[in-house]
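In what follows, a structure is listed as structure tokens, so that the remarks can point back to it.
In structure tokens:
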């Protein structure tokens, strides 16, 4: 049963288990006896709730993407007008490129930092569990609390500028969050800071599965540190990389809370993302139709990258 | 070969230096929160307070109205606990049935939940709000618990069904032969076996619900049942650049979750890395 029910998407997410599963002989045995576990109708409340909250609500929202509804009162079906407006509005096009920049930037930097720390903590370090706990701490904080802390750090009278002045680089001091050129980088720093620990634990779990003997054998054969990493460690933690990057990209494309608390999308739209624009259009500016259209675009982008990511990880030469 | 050498010691020291740099924001958080108002702009942002005092914390804890922190704390605990209960109960049963059934619909249901995880919430937010308002679910802890349960149920079901897929059916077969009913098998045999999955669901859902801001801001809007992040938001909204007061409430808001994390850090980290590997 385990083997036949394994959907392809899940197999791609966990190739190691997917490969092992076909060996389980439970399938024919339990089906042969005609055993069924649980009543099918036990699933109904869950299906109904998810259907109502996710699909019906999203479907209704999707319908309004093709209308000029303001959020209350009457509306007209306007077809693709809202979508055309998105690509004519520089703020929304900017939001699109900001979203992609932040999602890929934070995934790239967060995963590299997480991998470096995980590799550093791997094997023989005595205080690795204490260090792991410390590096993981930012992950459990609320995005709102995290954003407030960093807002102060980047404040004009804050620690970053005080530090720059102290080391004699006072001329570099600037209001980071209000600087159109730098604001997006400050957001990126915050996203990387809060996601590094998460990538780290995924990589640590992946690294724990690499047998010491293989590494030792490679070292004895004269492989240097980089070769050992490239040819032994990296292939073994490939599933961990796939999981960490997929989740990171889906999360990064939706980024909302930290931006609202840090910059509110400013200065002059320099840190707007699709999610903040959806919120502003639909809830603040009374343009629900336009906000819904933008949310539909965001949903399409997320699905697009989730599928690409699945394809990329499935094209593993081992499989 | 992997013995503790001088190089390892250097690596360990380097990692500690990195960790301290990484956690520098916490240093600013604590030192600033302890600064009295007159030191806020007279001392360097890098320096610790000269006369540390706790007046900022006293002010935070005695705030009234919609920035009542203690009230927010109680509400957050109730809403988080209720949502976890709902997610474990519904998620385990649903995940069990769809991963044990061999019928075609169960595969369709699995994808139904998988896609729901990726759908961005904003698209459905307004219809959901109107629906919840007409059912009288806005402004109450109950409404929010139902809402969070529904919102996070796909994730919970996904984690549970992945767990069941890796679990053989031997125990269930044995229990069937011994004459146990289907509900007995589930509650007495299966549910205790999936404690690791329940732990993962509890940690994930608990963290998301506890830290969530906008859902509670929108759905509890104007009521007295504010959650902790919303109380924090309102409290900070009345302060401009008074970073000592702002950080006092930020610290108060993060103490419960940080304490829980440090207390059960192994479970947290296992939940994160293990639950996602499945």
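Protein chains in written order, with UniProt numbering: chain L, 1 to 319; chain P, 1 to 278. In this text, a Cβ means the ideal position worked out from N, Cα and C, and glycines have one as well. Note that this is a predicted model, so its numbers are computed, not measured.
A check of alpha carbon separations from residue 65 (chain P) across P:174, P:245, P:230 and P:159 identifies P:230 as the nearest.
Chain L places no beta carbon closer than 8 Å to that of residue 242 (chain P), leaving this residue out of the contacts. Unbroken alpha helix (DSSP H) stretches of 4 residues or longer found wholly inside the stretch 196–254 of chain P: 214–219 and 228–237, given in chain order.
For a Cβ distance threshold of 7 Å, residue set 61, 71, 282 and 288 of chain L lies close to residue 126 (chain P), ordered along the chain. Within chain P, the residues placing a beta-carbon under 8 Å from that of residue 143 (chain L) are 211 and 213, ordered along the chain.
The stretch 95–102 of chain P makes contact with the stretch 40–58 of chain L: 3 or more CB pairs, one atom from each, lie closer than 8 Å.
In the DSSP annotation of this structure, the continuous segment of the alpha helix (DSSP H) that includes residue 96 (chain P) starts and ends at 69–100.
Around residue 180 (chain P), no beta-carbon contact reaches into chain L at under 8 Å, the shortest distance being about 11 Å.
For residue 63 (chain P), there is no enclosing alpha helix (DSSP H), as DSSP marks it with neither H nor E. Closer than 9 Å at the C-beta level to chain P, one finds these residues of the stretch 230–255 of chain L: 239, 240, 243, 244, 247, 250, 253 and 254. Judged by their CB atoms, residue 75 (chain L) and residue 82 (chain L) are not nearer to each other than the 8 Å cut-off. Under the Cβ distance rule, residue 254 (chain P) counts among the residues neighbouring chain L, one pair being separated by less than 8 Å. Contact check between the stretch 250–267 of chain P and the stretch 179–191 of chain P: fewer than three CB pairs, one atom from each, fall below 8 Å, which does not count as touching. For residue 185 (chain L), no Cβ of chain P is located within less than 8 Å of the residue's own Cβ. Taking the C-beta atoms as reference points, residue 45 (chain P) is found nearer than 8 Å to residue 159 (chain L). Taken atom to atom, the span from the alpha-carbon of residue 283 (chain L) to that of residue 52 (chain L) is near 21 Å. With 16 or more other Cβ atoms inside 10 Å of its own Cβ, residue 216 (chain P) counts as buried. The beta-carbon of residue 90 (chain P) is placed less than 8 Å from the nearest beta-carbon of chain L. Short of 8 Å from the beta carbon of residue 70 (chain L), and not among the five residues preceding or following it, lie these beta carbons of its own chain, in chain order: 286, 287, 288 and 289. With respect to chain L, the C-beta atom of residue 193 (chain P) has no partner C-beta closer than 8 Å. Taking the C-beta atoms as reference points, residue 131 (chain P) is found nearer than 8 Å to residue 57 (chain L). By the criterion of at least three beta-carbon pairs nearer than 8 Å, the stretch 52–64 of chain P is not in contact with the stretch 166–176 of chain P. Within chain P, 265 and 269 have C-beta atoms less than 9 Å from the C-beta of residue 132 (chain L), given in sequence order. With respect to residue 164 (chain L), residue 170 (chain L) sits close: the two C-beta atoms are nearer than 8 Å. The contact set of residue 36 (chain P) on chain L, defined by CB atoms closer than 9 Å, is empty, because the minimum CB distance reaches about 17 Å.
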